[in-house]
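Here the structure comes first, spelled out in structure tokens, and everything after it is commentary.
Residue numbers (the numbering used here): 81 to 312.
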């Protein structure tokens, strides 16, 4: 519904559902690796987030060390979201913002509360090329929800994010094959994460590691390379 301002310009009197959904999901979130909501004017359909001076990961040229740093930051952000009962569902380079050298999960319009949707709903927001198998397979998605593994969609997309950042091809869930997963795992040897990528790209969500496990594995690789802990 719209109204008119004193100058005659159209003004929203009821916030768009997408804005209300995003506001409800993010207003109570507070974590170093999740982009912070700075202010909100839901009546006008506007949410304002903290400024990311480094742009998104799509804007970056990253060394293997920088990729590991970005991935552990994102994994920490996902771990926090999942601990709050929130799934992102559309993780990709454009949705990770760099602010003060810290990577933050952003574009939270796609987030959803765990188990909050009607079984079989096709309202998910995702990006072709990064989507998980259960985002394109209704049966698999319903089974993941029933078993309590809905959050593993983000772990699948974290693996695809890793592949994209090293210049490898992501494994779209609509084109999943064991051969493609093994090829992706070989590519991930460049950052020492072939085992994690292989597990994170499993077809069945319940066979993938949690965001907590993924974060620990990435941090372990950082330490194995003798990189300074303060940099993360």
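For every residue, glycine included, the Cβ atom is placed at its ideal position computed from N, Cα and C.
* If you count every other CB in all the chains shown that lies within 10 Å of the CB of residue 218, and 16 or more means buried, which is it? -> Here residue 218 refers to the residue found at position 138 of the chain shown. Exposed, since its Cβ has fewer than 16 Cβ neighbours within 10 Å.
* Between 255, 278, 253, which lies nearest to residue 264 when the distance is taken from Cα to Cα? -> Reading the chain shown from its first residue, position 184 is the one you call residue 264. The option with the nearest alpha carbon to residue 264 is 278.
* Asked: So what's residue 182 in DSSP terms, helix, strand or just coil?
  -> Along the chain shown, one-based indexing puts residue 182 at 102. In the structure shown, residue 182 sits in a strand (DSSP, three-state: E or B).
* **Element boundaries [beta strand (DSSP E), containing residue 126]** => Along the chain shown, one-based indexing puts residue 126 at 46. For residue 126, the enclosing beta strand (DSSP E) has its first and last residue at 126-129.
* Quick one: does the C-beta of residue 96 sit closer than 7 angstroms to a heavy atom of the ligand NAP? -> Looking for the ligand NAP in the displayed structure turns up nothing, as the structure carries no ligands at all.
* To do: Please report how far the alpha carbon of residue 266 lies from the alpha carbon of residue 120, in whole angstroms.
  => Against the chain shown, residue 266 aligns to sequence position 186. Against the chain shown, residue 120 aligns to sequence position 40. For residue 266 and residue 120, the distance between alpha carbons rounds to 44 angstroms.
* What are the start and end residues of the beta strand (DSSP E) that includes residue 118? -> As a first step, residue 118 must be located in the chain shown, where it is residue number 38. Counted as a single uninterrupted DSSP element, the beta strand (DSSP E) harbouring residue 118 occupies residues 117-121.
* Where does residue 160 land, buried or exposed, given buried means 16+ other C-beta within 10 angstroms? -> The residue given as residue 160 occupies position 80 in the chain shown. The residue is buried, with at least 16 neighbouring Cβ atoms inside 10 Å.
* Please list, in chain order, all residues of the same chain as residue 251 whose beta carbon is under 7 angstroms from its beta carbon, the five residues on each side excluded. => Along the chain shown, read from residue 1 onward, the residue named residue 251 stands at position 171. Excluding sequence positions up to five before and after residue 251, its CB lies within less than 7 angstroms of the CB of 240, 260, 261, 264, 281, all in the same chain and listed in chain order.
* To do: Pick out whichever of 158, 116, 123 has its Cα sitting closest to the Cα of residue 179.
  => Taking the chain shown and counting its residues from 1, one reaches residue 179 at position 99. The option with the nearest alpha carbon to residue 179 is 116.
* residue 246 in three-state terms, based on DSSP -> Locating residue 246 in the chain shown gives position 166, where the first residue counts as 1. Residue state, collapsed to three classes: coil.
* Could you tell me if residue 288 is buried or exposed, where buried requires 16 or more neighbouring beta carbons within 10 angstroms of its beta carbon? => Residue mapping note: residue 288 aligns to position 208 of the chain shown, counting from 1. Classification of residue 288: buried, given that the 10 Å Cβ count is 16 or more.
* My guess is that residue 300 and residue 155 are in contact by the Cβ rule of under 8 angstroms, so how many angstroms apart are they, rounded? -> Looking up residue 300 in the chain shown gives position 220. Looking up residue 155 in the chain shown gives position 75. Not really, about 12 angstroms apart at Cβ, beyond 8 angstroms.
* Asked: According to the neighbour-count rule (16 or more other Cβ atoms, all chains shown, within 10 Å of its Cβ), is residue 124 buried or exposed?
  -> Taking the chain shown and counting its residues from 1, the one referred to as residue 124 is at position 44. Residue 124 is classed as exposed because its beta carbon has fewer than 16 other beta carbons within 10 Å across all chains shown.
* **Span separating the alpha-carbon of residue 202 from that of residue 245** => One-based indexing of the chain shown puts residue 202 at position 122. One-based indexing of the chain shown puts residue 245 at position 165. Note on residue 202: pLDDT 38, under 50, position unreliable in the model; no value is reported.
* Please state if the CB of residue 174 and the CB of residue 143 are separated by a distance shorter than 8 angstroms. => For the purposes of this step, residue 143 is taken as the residue at position 63 of the chain shown. For the purposes of this step, residue 174 is taken as the residue at position 94 of the chain shown. Not closer than 8 angstroms, so no.
* Asked: From residue 307 to residue 148, what does the alpha carbon distance come to, in whole angstroms?
  -> Reading the chain shown from its first residue, position 227 is the one you call residue 307. Reading the chain shown from its first residue, position 68 is the one you call residue 148. In this structure, the straight-line span from the alpha carbon of residue 307 to that of residue 148 is close to 10 angstroms.
* What separation, rounded to the nearest whole angstrom, lies between the Cα atoms of residue 196 and residue 127? -> In the chain shown, the residue the question calls residue 196 occupies position 116. In the chain shown, the residue the question calls residue 127 occupies position 47. Model confidence at residue 196 stands at a pLDDT of 44, short of 50, so the residue's coordinates are unreliable and nothing is read from them.
* To do: Give me the Cα-Cα distance between residue 258 and residue 236, rounded to the nearest whole angstrom.
  => Translated into positions along the chain shown, residue 258 becomes position 178. Translated into positions along the chain shown, residue 236 becomes position 156. Straight-line Cα distance between these residues: approximately 14 angstroms.
* To do: Out of 256, 186, 182, 234, state which residue places its alpha-carbon closest to the alpha-carbon of residue 213.
  => In the chain shown, residue 213 corresponds to position 133, counting from 1. Here the closest residue by C-alpha is 256.
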